[in-house]
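The working numbering applies: residue -4 is where the sequence shown begins, and numbers increase by one.
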Amino acid sequence: MSAVTGYRALALMTAPARQKSELWRTVLGLGMIIAIYIGAGWMLLTILAQSVPPLRLVGLLNEIASGSTPRGVVILLASFAPLLLGVVFVTRWLHGRPAGVLFGPNVLRDFRAVLPWVLVISLLCAALALVDDDVGRSTRLATSLPWMVLAIPLLAVQIGAEEVLFRGYLLQQLGARSRSPLAWMVLPSALFGVLHYDPSSFGPNALWLAIWAFVFGCLAADLTARTGNIGAALALHLVNNFTSMFFVGFYGNLDGLALYTIVINARDFATLAPWLAIDALTIFIGWLMIRLILRV
């Protein structure tokens, strides 16, 4: 199947954006979304600074930044709500269309069709990691379960915010102007990768994490263009983050609710590379399975 034939459904996704797809409008909209997100972050920081003693505040901010505790994970996930609200506001105010069109038609149908299968594959791949000597027990299930009542809905907010922005808003706006994947797939995914660049946690390996995020973004955009909605991308993203946050995660990196953690030197490429390869393979298998299930 050629790319042109495979991406016929892209027209369904981009149609609502064609009337107001000017490049200046897209750039302005993205700037407004970023401003809303950063502004909300400063408001939260101001509130915390006024209500939490300085020494405790430093510890709390470290918890949030690393997601190393259940509380830190929950607050970090909740911090994505302003990003989602920013996209909704800009879509309605600047582009004059309902935010629901960012999801595309039949989004729930495709999401429900693929979610169970992708989840099974992801959990099986993660379970294989448990036999490795670098993997150890982390947060007790009795501790995690009460927090999951908050964390799982907030995880949906987090992945929803990212998908609505990158595979919804940006893909629609750029895809309405150009049918070239360089516009609607590569550019948003490159930005997605840049935002995952974290040298403070991964040192020189941060580039590989950014490349991994770029590839994930391209696969998610591919599914969106093939199905005409972000349902499959939402499922793939949700399962990936669910598995890494609640089942097997990297020590010191969003592992506050993980039952098991991979304890390695994340700055050493030789140590990190096999785990990145397993993660990438899991995502690729999930992408391929989604295409087979939805026949796209």
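Just so you know, even glycine gets a beta-carbon here, dropped at the ideal spot from N, CA and C.
DSSP state of residue i mapped onto helix, strand, coil
i       : result
Thr138  : helix
Gly281  : helix
Val47   : coil
Gly36   : helix
Ser63   : coil
His232  : helix
Asp263  : coil
Asp193  : coil
Leu252  : coil
Gly26   : helix
Val144  : helix
Ser184  : helix
Val291  : coil
Ser16   : coil
Gly91   : coil
Ile273  : helix
Ile70   : helix
Met(-4) : With a pLDDT of only 43 at Met(-4), under 50, the local geometry of the prediction cannot be trusted, and the value read off the model is given with reservation. Coil, per DSSP.
Ile225  : coil
Beta-bridge partners of residue i, as assigned by DSSP
i      : result
Ile257 : Val130 and Phe245
Residue range of the alpha helix (DSSP H) that includes residue i
i      : result
Phe161 : Careful: Phe161 lies outside any alpha helix (DSSP H) and carries neither H nor E.
Arg221 : Ala201 to Thr222
Ala171 : Leu166 to Arg172
Ile116 : Val102 to Leu123
Leu177 : Segment: none, Leu177 is in no alpha helix (DSSP H) and carries neither H nor E.
Arg87  : Ala76 to Trp88
Leu97  : Careful: Leu97 lies outside any alpha helix (DSSP H) and carries neither H nor E.
Ala6   : Leu5 to Thr9
Rounded separation between residue i and residue j - CA only
i      : j      : result
Gly99  : Trp270 : 34 Å
Gly281 : Asp105 : 14 Å
Val291 : Ile273 : 25 Å
His191 : Phe84  : 24 Å
Arg92  : Ser195 : 39 Å
Val258 : Asn57  : 19 Å
Ala227 : Val126 : 30 Å
Asn235 : Ser117 : 7 Å
Arg13  : Asn248 : 40 Å
Gly34  : Ala171 : 29 Å
Leu55  : Trp207 : 29 Å
Ala215 : Asn224 : 10 Å
Trp179 : Gln167 : 7 Å
His90  : Pro199 : 40 Å
Tyr32  : Thr21  : 17 Å
Ala36  : Ile28  : With the sequence shown as reference, residue 36 is identified as Gly, and Ala is not the correct amino acid for it. About 12 Å.
Arg51  : Pro65  : 16 Å
Val189 : Ala205 : 6 Å
Asp193 : Leu165 : 23 Å
Thr219 : Leu202 : 26 Å
Ala376 : Leu177 : The question about residue 376 has no answer, for the chain in this structure spans -4 to 291.
Trp19  : Leu169 : 11 Å
Arg135 : Asp128 : 19 Å
Ser133 : Leu254 : 5 Å
Pro111 : Leu140 : 20 Å
Test item: CB-CB of residue i and residue j under 7 Å
i      : j      : result
Val243 : Ala124 : yes
Ile42  : Ile59  : no
Phe197 : Ala261 : yes
Phe187 : Gly212 : yes
Pro11  : Val96  : yes
Asp250 : Thr256 : yes
Val113 : Ala230 : yes
Leu150 : Ala73  : no
Val82  : Leu160 : yes
Thr222 : Cys120 : no
His232 : Ile154 : yes
Leu252 : Phe237 : no
Ala30  : Ile288 : no
Ala146 : Leu78  : no
Thr86  : Ala76  : no
The ligand COA heavy atom lying under 6 Å from the CB of residue i
i      : result
Tyr246 : The ligand COA is not among the ligands present in this structure, which contains no ligands whatsoever.
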